[in-house]
Each structure stands twice: as structure tokens, then as C-alpha cells.
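As C-alpha cells, the structure follows; a few thoughts come after it.
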Amino acid sequence: MSDEIAKRLTEMGITLPEAAAPAANYVPYVISGNLLYISGQLPLDSGKIAVSGHLGKTVDVASGQRGAELCAINILAQAKAALGGDLGRIRRVIKLNGFVASAPDFVEQHLVINGASNLIAGVLGEAGKHARAAVGMAALPLNAAVEIDAIMEIAE
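Read in order, the letters of the sequence shown correspond to residues 529 to 684 in our numbering.
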């Protein structure tokens with residue numbers, strides 16, 4: 529991991545967890561050429577779903593943003609595992625796809641996913657600025673409030 533990234537993580541009070549094992553029949557990441565695809569990450573903290581329910585019903589925007597931050601932390605943990613511990617190999621986060629469990633009338637998914645976007649950009653700097661989708665869903669696995677996947681360009 530580059531010294532600058534490690535410094536930013538420390539300044540933000542973030543310790544990356546061990547990358548979570550898949551919960552079903554898939555792999556946590558795939559590297560194809562210079563692209564790293566990270567499977568959807570849930571808002572896990574200490575191995576448990578930390579933010580569950582539906583935005584606009586049982587979860588407020590601030591809690592949803594915290595869930596998105598946890599998803600981003602877990603994305604970085606998966607990237608670290610995929611890249612042999614060296615987050616400095618990330619040239620660019622190309623895209624985050626954010627899924628928000630939402631009540632039918634909830635329309636602030638973009639604000640929820642900002643939690644992840646802000647964290648990724650804060651940790652990775654310019655390389656963390658990305659394209660994005662923020663989509664409302666009827667339900668997510670394990671009743672998670674948020675799930676986010678990522679596509680990154682990496683150095684060989």
C-alpha cells in the first residue's frame with residue numbers, strides 16, 4: 529500500500545478489515561487485464577450487517593451514508609486482498625454501482641451513495657474520482673440497507 533494511502537486511512541481513523549468471504553456461489557473479485565472487478569460489498573462491521581432495513585422507512589439518510597461508507601471500506605479491503613496488499617496499484621476507480629434498499633417514495637439514493645464516493649475519493653485522491661450509479665431496490669441480501677460494487681483500473 530502506498531504511504532500516502534496508508535496516511536489518509538490513518539488520518540480518517542480507518543483500519544481496513546480482512547476481506548470478507550463470499551456469502552454465496554461467486555468470487556469476491558476478478559482481475560481481467562488491467563481491470564479489477566469487486567463483487568457487491570455489504571455494510572459489514574466486525575462481520576455483521578451494521579445498517580439494515582429500508583431508506584425512507586426504517587433507515588435515515590445519515591445512517592444510509594454510514595452504511596455506504598462501510599461498503600466502501602469493504603471494497604478497499606477486497607482491493608487490498610486482490611492486489612497483494614498494495615492499494616497504490618489502483619490507477620483509477622472507474623465506477624461504483626450503488627444499490628439502496630428503498631421505500632417506494634424514497635428518492636435520495638444519490639445522497640446515500642455519497643457516503644461511499646466521499647470515502648473512496650478521500651482515501652485514493654484523484655484516483656478515487658469515479659463514475660457512478662445510485663439505484664433504489666425493493667430489497668438487498670441479508671436485509672442490508674446498501675450494497676456497492678466497483679470497477680477499478682490497476683497497474684500490472
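Yeah, the Cβ is synthetic: ideal placement off N, Cα and C, and Gly gets one too. Note that the structure is a prediction, hence the values are computed from the model and not measured.
request  = Thinking Q637 and N602 are a contact (beta carbons under 8 Å), I'd like their distance in whole angstroms, please.
outcome  = The Cβ separation is near 19 Å, so there is no contact.
message = For A662, list the residues DSSP reports as bridge partners.
response = G626
request  = Mind the definition here: the segment 532-549 touches the segment 645-654 only if three or more C-beta pairs lie below 8 Å; say whether that holds.
outcome  = yes
query = Roughly how far, in whole angstroms, is the beta-carbon of P545 from the beta-carbon of A605, given that I think they are within contact range, below 8 Å?
reply = 5 Å
L563: first and last residue of the uninterrupted beta strand (DSSP E) it sits in = 563-569
request  = Could you have a look at K657 and say whether DSSP puts it in helix, strand or coil?
outcome  = coil
query = Do the CB positions of S630 and L583 come within less than 9 Å of each other?
reply = yes
request  = Go through its chain and collect everything with a Cβ distance to I676's Cβ below 8 Å, but skip five positions before and after it.
outcome  = G568, Q569, A596, C599, A600, I603, L624, N625, G626, F627, I641, A644
ask   = Sorry if obvious, but does the Cβ on I618 come closer than 8 Å to a heavy atom of the ligand FMN?
value = The ligand FMN is absent from the structure shown, which contains no ligands of any kind.
message = Just list the residues that DSSP pairs V674 with in beta bridges.
response = V628
message = Taking only three categories from DSSP, how would you classify S530?
response = coil
inquiry  = Buried or exposed, going by whether 16 or more other CB atoms sit within 10 Å of the CB of P550?
reply    = exposed
query = Considering S591, what are the terminal residues of the beta strand (DSSP E) in which it resides?
reply = That residue, S591, is in no beta strand (DSSP E); its alpha helix (DSSP H) goes 589-610.
inquiry  = If you measure between the beta carbons of L564 and I682, is that distance less than 9 Å?
reply    = yes
query = Using a Cβ-Cβ cut-off of 7 Å (strictly less than) and excluding sequence neighbours within five positions of R619, which residues of its own chain qualify?
reply = A655, E681, I682, A683
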